[in-house]
Amino acid sequence: MFSFRFLTSSLPVHYLFVAMLALGVVSSAQSQPLIKPDRHIQKSSDLPNPLKAEVIGIQDGDTIELKFLYTGKKAGHRMGKPVRIRFLHVNCPERGKPYYKVAKQFTSDKCFRKMVSIRHTGEFDKYGRLLGEVILPDGRVLNKELVKKGLAVHFKKYSSSTEYSNLEIQARKQKLGIWSQQGFFFGKL
Numbered sequence: 001m002f003s004f005r006f007l008t009s010s011l012p013v014h015y016l017f018v019a020m021l022a023l024g025v026v027s028s029a030q031s032q033p034l035i036k037p038d039r040h041i042q043k044s045s046d047l048p049n050p051l052k053a054e055v056i057g058i059q060d061g062d063t064i065e066l067k068f069l070y071t072g073k074k075a076g077h078r079m080g081k082p083v084r085i086r087f088l089h090v091n092c093p094e095r096g097k098p099y100y101k102v103a104k105q106f107t108s109d110k111c112f113r114k115m116v117s118i119r120h121t122g123e124f125d126k127y128g129r130l131l132g133e134v135i136l137p138d139g140r141v142l143n144k145e146l147v148k149k150g151l152a153v154h155f156k157k158y159s160s161s162t163e164y165s166n167l168e169i170q171a172r173k174q175k176l177g178i179w180s181q182q183g184f185f186f187g188k189l
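Counting from 1, one number per residue, gives the positions in the sequence shown under the UniProt record's numbering.
Structure representation (structure tokens):
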């Protein structure tokens, strides 16, 4: 049986021990994915940015659910539920409004059951949704695609982005989506 004294006095065994320890750490790091799609989060600082996960639900045109779960003291009513993402800069039509179903279907077609990246602010809205931009597998930003197609407006109440404003102006000029409706009121979608 080896004693502590034997390990410290025997240089080759000591090096072997250190080498095995280092090898274990390296192989452990290589076998673990950087982000586990079913990981739990306790606070926004636990979130990688961008966050990568599979989309498992579509609530409407501008809200999706990811295969990440809320946990911890601040989770509140969202405890154990998937993380929801509220798309930054945009607002899609709400249930019962023109183009609601089209916007929801567009979002679903682009990202449901796919791995996406979320560039997020680290902040949650009053409904517990993480605020962010959805980057599709092909690199396009879903938030921008919705505005380009006229399926969302630039949400000026919460965003001062000139890029999103310009995308909305182009969609209006081309009378795409919601902008094809005469007299469309975009105040409260």
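Just so you know, even glycine gets a beta-carbon here, dropped at the ideal spot from N, CA and C.
For residue 139, the three-state DSSP class (helix, strand or coil): When secondary structure is reduced to three states using DSSP, residue 139 falls in the coil class, being assigned neither helix nor strand.
Look at the alpha carbon of residue 125 and the alpha carbon of residue 76, and state the distance between them as a whole number of angstroms. Looking at the two C-alpha atoms, the distance is approximately 13 angstroms.
Would you call the region 86-106 and the region 167-182 touching, i.e. three or more CB-CB distances under 8 angstroms? With the rule of 3 Cβ pairs closer than 8 angstroms, the region 86-106 counts as touching the region 167-182.
Only counting runs of 4 or more residues, tell me where the alpha helix (DSSP H) segments fall wholly within the UniProt domain "TNase-like" (49-181), in order along the chain. Runs of the alpha helix (DSSP H) inside the UniProt domain "TNase-like" (49-181): 100-111, 142-148, 162-173.
Taking the alpha carbon of residue 119 as the reference point, which residue from 110, 134, 145, 71 has its own alpha carbon closest? Comparing Cα positions, the closest option is 134.
Residue closest to residue 137, alpha-carbon to alpha-carbon, out of 91, 64, 111, 58: Minimum Cα distance to residue 137 is reached at 111.
As a quick exercise: from 153, 183, 63, pick the residue whose alpha carbon is nearest that of residue 170. Selected option, being the one with the closest Cα: 153.
Rounded to whole angstroms, what's the CA-CA distance from residue 127 to residue 85? Just pull it up for me. When rounded, the distance between both Cα atoms is 10 angstroms.
For residue 140, count the other beta carbons within 10 Å of its own beta carbon; 16 or more makes it buried, fewer makes it exposed. Which is it? Counting Cβ neighbours within 10 Å, residue 140 comes out exposed, since fewer than 16 surround it.
Residues in the same chain with beta-carbon distance under 7 angstroms from residue 143, minus the five sequence neighbours each way, listed in chain order, please. These residues qualify, in order along the chain: 87, 88, 89, 90, 133, 134.
Best match in 108, 52, 68 for proximity to residue 61 [C-alpha to C-alpha]: Of the listed residues, the one whose Cα sits closest to residue 61 is 108.
Rounded to a whole number of angstroms, what is the C-alpha to C-alpha distance between residue 162 and residue 67? Each residue's Cα considered, the two are about 32 angstroms apart.
Going by C-alpha distance, which of 159, 92, 151, 71 is nearest residue 121? Nearest Cα to residue 121 within the set 159, 92, 151, 71: 159.
Buried or exposed (CB count within 10 angstroms, at least 16 for buried), residue 168: That one is buried.
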